[in-house]
Every structure is written in structure tokens, then in C-alpha cells.
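To keep things clear, I will list the structure first and then write my remarks on it.
Protein chains: 2
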Amino acid sequence: MSWRDNLIKIEPYVAGEQPNKTDFIKLNANENPYPPSPRVLAAVSNFNAESLKKYPSANALPLVKAIAKREGLNPENVFAGNGTDDVLSLAFRAFFNSKKPIIFPDITYSFNTVWCGILNIPYETVPVDENFNINAKDYARENGGVVIANPNAPTSIGRGLDFIREILDNNRESVVIVDEAYVDFGGTTAVPLLKEYDNLLITRTFSKSRSLAGMRLGWAMGSAELISALYATKDSMNSYPVDSIAQAAGAASFEDEEYFQSTLKRVIATRDRLTKELRAMGFKLPDSQTNFVFASHPKHSAREIFEYLKTKDIYVRWWGKPKIDNFLRITVGTDEETDALIAALKDFI
Amino acid sequence: MSWRDNLIKIEPYVAGEQPNKTDFIKLNANENPYPPSPRVLAAVSNFNAESLKKYPSANALPLVKAIAKREGLNPENVFAGNGTDDVLSLAFRAFFNSKKPIIFPDITYSFNTVWCGILNIPYETVPVDENFNINAKDYARENGGVVIANPNAPTSIGRGLDFIREILDNNRESVVIVDEAYVDFGGTTAVPLLKEYDNLLITRTFSKSRSLAGMRLGWAMGSAELISALYATKDSMNSYPVDSIAQAAGAASFEDEEYFQSTLKRVIATRDRLTKELRAMGFKLPDSQTNFVFASHPKHSAREIFEYLKTKDIYVRWWGKPKIDNFLRITVGTDEETDALIAALKDFI
């Protein structure tokens, strides 16, 4: 018997490569190519760092109020956490305490399965169809909870309000989590359904559309009952999760809707141009409602393209997993980065 | 059957009060009364917030290197997290996967029991003696892990290296966590024992001695094997826990040993003066090796004193729990705050 026997046995999640060099094009983590709003930059540089000697506001109230105002909700319907990963793993712990398996698509955010593993939550995956579509009727079955990303990743496919409503109508007895990490890039939010369904939790992130990946901020919206359960869970793990600077920067992000909309427009325009160019080269890809595209080529393996792009210092994402091993997930960068990507792909093909 | 049946049932941890006013003396959260080093203030105000569009360095390597250098360790022996609470809860998940109960003192950091609850870890508490001392021989019993805070909280009592060595020698088959949150204020660190015991994990925080409670930063030190298990667990929950600004501020804190030592000296001098004054008023309290004192008065109930101090806008900590319900935990503030506290106590007594 040794202490080693009691160590956790776990397959670590592998994030996109972060090569040890600075001069490369990074299109593998769905980061925003544009910096956060000047209001955010000012909030950071003007932050009174002497105040860091005190603990942060425990429930991030000024930030929560800014989010609630933007989304037309009350503060008791909003929970802020240390990145969507933090919010989602707390939500899994808070809501999925059934012996029945929770269900989610087989092709979706890959953290779902690792959280289930680490939190001992039974789960079953539901296959997407041959076009990577999630079918709402497949979610009309007994379960301990439902998790849907809309738009979905890495497929980039977004669905409308009817789709979410059908899933909710089929799941009155489960908490349904809708992860809207990418919704700002053209998806449809389920926020209007919060009034009707008190078992609906929506999650969002500052990492993509709000250009704050380095800050670790995310939030959840739901009935006061769900939000209270999230707070109770959070308070048991860690009283003060969102640091003071992140609270200030996050709130400042909501003071600048104009900048926010303008960077969204730029990313969407570049994405649509990239989509056309890729199709002209023979790539197959669904219309994206996100800040990335999910593309395959009938004549070239995704792995070959992935490796070729690396030799050109362009990093995209490729998994080599069943069903998606011939697809690349390519983040929408600046126009210059996208031009370099297109040129490299043209050379290759 | 309702989704409500699957919500977590949990008693939330209750932190020290944060009254909704600004003009009060806050001695209830063991915060440092002095601001962080000017180097930290500069690191925050000069931080390039445009870089927040990218995810942080996943393993906080520059910060980890700064810690390793200060403690005479290699980077593979250091893990950085989002506050000691984050580090400890990951450590519980990573190391305590035995069916045997983990053991820790009945009077110690109160998060231990909530983490065991949330992570389904069996535990037993071991009584401290009538003087609140932890006896190493009580930890010579079968267990799934050991957690000791040294100095201990809320008792303020610190023990020497022989004490930790005895616990380690009695527990070759368990991971032993030594939480050194308060060690900089006069305690004895177990770092020299890391060379001999690869089942020892030491945790530290930036929140107390380094005046960065608002930043949420903590770290762990141990064998490469323990540190790898922490990374694997962290990577499964959340790829990027320590935000970019916190990494920069934390590293800057280690660039200024002189400032660090000077604020420690001030806190220790104020603590020793406070100790003498309290004893002169009839309070009983152990010698503190922390930035707080743990005091009771033979003639006045702790609750009465606690309530009285609140009427004077002075907030200290009182729990009303068995064994410690006649004790106050009082954080060492500035000299002015301490004078106000002493004056109020003299008035009361």
C-alpha cells in the first residue's frame, strides 16, 4: 500500500498548442483577434492595486449588475465565475446529482466528459447526424440533465429558438444547460426562454466575443433557484473566485456596446470571406455562427493540412478523433492572418 | 420527480461579514493592513491589457519559476492556482481517493469538511488538546490522507520541524498536506523536508503576507509526482485558472523581498503589542505565529465582546461553534486600527 495508490487516475485535457515562439499565427484557441474595449484597458490601468490587500466582493455584485442590465434580467438571475469552465463545472456539480445519465451530443465541447469523470456523474452521448446536426427529438428520453452548446463547437452550427424550446419541452424534469460561448457571432440566444423555463441555465464567456480570454471570466443566467444553488456550490469550494481586477474589467466591457458590436462585425465579415475562399478551394464546411470554421477537404486529409500549416507557422486545431478526424477547426483571425492562411492553403492545394 | 430533486444539498461556507458601509475597521478576514509592494502596483498599472485577448500561460510558468527560485526548488516542484482554496480543493481531489478517512484536527481551517462533503471524501477529525495543541502522536493511525495547518487557524499556534517530521514519519503511506498560509508571520516552514518526503505537499497563499487577497493566488510545493497529479486534475477542470494579470502581479511580488520583510516586521510588531495589551486586560491567548490572535476573556463572553465591537464599527471573527465559542479571532491591523480596537475593549471591560 502506498500513497501513490490514492492519486487520481485521469486523462488530462489537452488544449491547443502554445508553441514556444512568438512569431506565428495562432488560430487554434478561438481567441478574438481584436483587443478588449478601450474602457477595459482604462479600467485595468486605472485600477487601484493597493485595494488588492482586501478580498474581492464575494459575489461580484457590480459585475453581476452590469450583466443583468445588458441582458434584461435581475441580478438574482446572474452568476459570475472564473471563466465558463469554472461556471460549467460548478453547474455540473450543483445540478447533476441524479443516478440517471446526463446527455449531450457526441460531438460538442470536450470538457463535458472530463467533468463527468472527475465529479462521478453518469453520462451518455447522443450522436449528431451525418451533417453534424443535433436533433431535438433525440433528447426526448429519460436523463439526469441535458447539456447543449448553441452554437455548437467544434461544428460552428447554431440553431434557433424553436430547437431549444423543443429540448426544454421534452425535459421538464431535468436541468437543461445551454452553453452560449459563441452566440454573439451570429447565434440565437435562449435568454427570452428564461421567463418560461425555470430549469434552464445559459452560460456565456468573456473569452471570445469580449476579447478577455486572459482574464478568466464567464457567467450563467437562470432562475433564482438555479443561481442560488450555483452560489451555494461555489461558496463551498472557494469563497472568492472572481478577482477584483477581473470584476472591474468585466464591468467596463459592458460600458462599451459600440466597440463590442464593431469588433463582432469585423470578425463576422472576415469569417464570411474565409468561408467563401475555403469553398472556392473545394473545402466543405457548414455556415458558421461562431468565430471559427469547421472545414474538411474531400481530396486532402485534415492531418496533412494541419501539419503543413504548422510548417508555415500557422496553428489551427485538429483532433484525430472518430467522426471529426478529417476536419480542421480554424479560428477567425485578423484579415492579415486570414490572408496568410488562405495563401498557405492555396499553395498546399 | 422534478429537476429540483437533483440539486446539490449543501451548507454554504459563511465568510466573515462584509458590511455594506465603508467606514469601519475590518479585522475579520486576516487581510494584510499594508498594500502590496510598489513592484506589484507597477506590474498592474503597466500591464498590457490588450494581451488579455489571448489565453494566459496555461501553467503560469514565469510565476512558478519566481516561486521556485525564492524557495530553492525546481519549477517542477511548484504548482500555482487561483488562491489556496483552489489549490487545496484540487489537492483533495487529486490525492484523497482512498476509502479510508482522511484526518485533520477538529479545530482547523473550516473548508476541509466542506471539500470532503462536496468531493465525497470520508474524513475523521482528531481533537486538539485543551490548550488547542495538535499532538503528532494522534496522527499515527490508519488514514487516507492527513491535512495540517501550521501555524494552525484559528488558534494562531505554530509548531516546529520536529512536529511535522513526526507526522510524516507516522504517515509514509498517505499524502500529508501542510497548509502554511500564515507561516511568514513567524512560523516554521516544512520546505526543508520536501527533499526527504515525496508524499509531502505544502500550500501557501499570496492573500496574507503578500497583501494580494483581492488577486486570488496561491501555490503548492511538493515532489514532481504530486505536482503532476495537481496539474492533471486542474487541466481536467479548467485549462487556464490563473489569469494573466495575476501571474504578472504575483511574479512582481517576489522581486521585492525587502518590502515583503518590512511589512512582515510591522505586522509582527503590532501583533506582539496587541498580545501584551490584551493580556493586560485579562484576555487569555496563545502566542501567535500568524497575523491574528485567538483570544478569550474569563469574565466576558466572546459573543458579547463581538457584538459590542460591531456597535463601534470594529468587525472581528466569532463562530459560536463547540470548543471555540468563547474565542475571538482578531486580525492584526495597522497600529491605528489596533489602537482603536484596544480603546474599545478597554471601554467595554
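Protein sequence lines correspond, in order, to chains A and B. Whatever position you read off the first sequence (first residue = 1), add 62 for this note's numbering. Whatever position you read off the second sequence (first residue = 1), add 62 for this note's numbering. Quick reminder that beta carbons are idealized off the backbone N, C-alpha and C, glycines included.
Quiz item: Which partner residues does PHE354/A have in the DSSP bridge list?
Solution: THR393/A
Quiz item: Which bits of chain B does VAL176/A rub up against, with CB to CB less than 7 Å?
Solution: SER298
Self-check item: Per DSSP, cross-strand counterpart(s) of PRO167/B
Solution: VAL188/B
Quiz item: Which chain A residues are close to PHE412/B, counting only those with a beta carbon under 9 Å from its beta carbon?
Solution: There is no way to answer for residue 412/B, as the model of chain B reaches only from 63 to 411.
Practice problem: Mark PRO189/B as exposed unless 16 or more other C-beta atoms lie within 10 angstroms of its C-beta, in which case mark it buried. | Solution: exposed
Quiz prompt | Element boundaries [beta strand (DSSP E), containing ALA282/B] | solution = 280-284
Quiz item: With a cut-off of 7 Å, does the C-beta of VAL106/A fall near any C-beta of chain B?
Solution: yes
Practice problem: Go through its chain and collect everything with a Cβ distance to SER285/B's Cβ below 6 Å, but skip five positions before and after it. | Solution: ASP260
Practice problem: Please decide whether ASP305/A counts as near chain B, where near means a Cβ-Cβ distance under 7 Å. | Solution: yes
Quiz item: Under 7 Å between C-beta atoms, does MET277/B make it to chain A?
Solution: yes
Exercise. From the DSSP output, read off the bridge partner residues of THR265/B.
Key: ASP241/B and ALA282/B
Quiz item: Of all the CB atoms in chain B, is at least one closer than 7 Å to the CB of LEU340/A?
Solution: no
Quiz item: Sorry if obvious, but does the Cβ on ILE169/B come closer than 6 Å to a heavy atom of the ligand HEM?
Solution: In the structure shown, the ligand HEM is absent, as is every other ligand, since no ligand is present at all.
Exercise. Compute the Euclidean distance between the alpha carbons of PHE247/A and ASN353/A, then round it to the nearest angstrom.
Key: 6 Å
Exercise. Quick one: give me the first and last residue of the beta strand (DSSP E) that ALA142/A is part of.
Key: 140-143
Quiz item: How about ALA153/B and ILE239/B: do their beta carbons lie closer than 7 Å?
Solution: yes
Self-check item: Residue from TYR244/B, LEU263/B and GLU204/B with nearest C-alpha to ARG227/B
Solution: LEU263/B
Quiz item: If you draw a straight line from the alpha carbon of GLN351/B to that of VAL106/A, how long is it in whole angstroms?
Solution: 35 Å
Exercise. Tell me where the beta strand (DSSP E) around ILE226/B begins and ends.
Key: Unbroken run through ILE226/B is the alpha helix (DSSP H), 223-231; no beta strand (DSSP E).
Quiz item: Can you list, in chain order, the stretches of the beta strand (DSSP E) that have 3 or more residues and sit fully within the stretch 358-407 of chain A?
Solution: 390-393
Quiz item: Any beta-carbon of chain B closer than 7 Å to the one on SER172/A?
Solution: no
Self-check item: chain B residues whose Cβ lies nearer than 8 Å to that of ASN388/A
Solution: Within chain B, no residue comes near ASN388/A; the closest Cβ sits about 25 Å away, beyond 8 Å.
Quiz item: From LEU390/B to ASN90/B, what does the alpha carbon distance come to, in whole angstroms?
Solution: 9 Å
Exercise. To the nearest angstrom, report how far apart ALA342/A and SER363/A are at their CA atoms.
Key: 17 Å
Exercise. Put GLY248/A into one of helix, strand or coil per three-state DSSP.
Key: coil
Self-check item: Residue nearest to ARG203/B in terms of C-alpha spacing, selected from GLY312/B, PRO163/B and ALA402/B
Solution: PRO163/B
Quiz item: Is it right to say GLN309/B is buried, meaning 16 or more other beta carbons lie within 10 angstroms of its own, or is it exposed?
Solution: buried
Quiz item: Using the rule of at least 16 other Cβ atoms within 10 Å of the residue's Cβ for burial, across every protein chain shown, is THR84/B buried or exposed?
Solution: exposed
Quiz item: So what does VAL208/B bridge to, in DSSP terms?
Solution: ILE165/B and VAL238/B
Quiz item: What is the DSSP secondary structure of LYS127/A, reduced to helix, strand or coil?
Solution: helix
Exercise. Give a yes or no on whether the minimum CB-CB distance between PRO189/B and chain A is below 7 Å.
Key: no
Practice problem: Could you spell out where the alpha helix (DSSP H) holding TRP177/B opens and where it closes? | Solution: 173-181
Practice problem: Kindly indicate which residue of LEU123/B, PHE356/B and PRO95/B has the alpha-carbon position closest to the one of SER218/B. | Solution: PHE356/B
Quiz item: Looking only at DSSP bridge pairs, what is ILE412/B linked to?
Solution: This structure leaves residue 412/B out entirely; chain B is present only between 63 and 411.
Quiz item: Does DSSP put LYS346/A in a helix, a strand or coil?
Solution: strand
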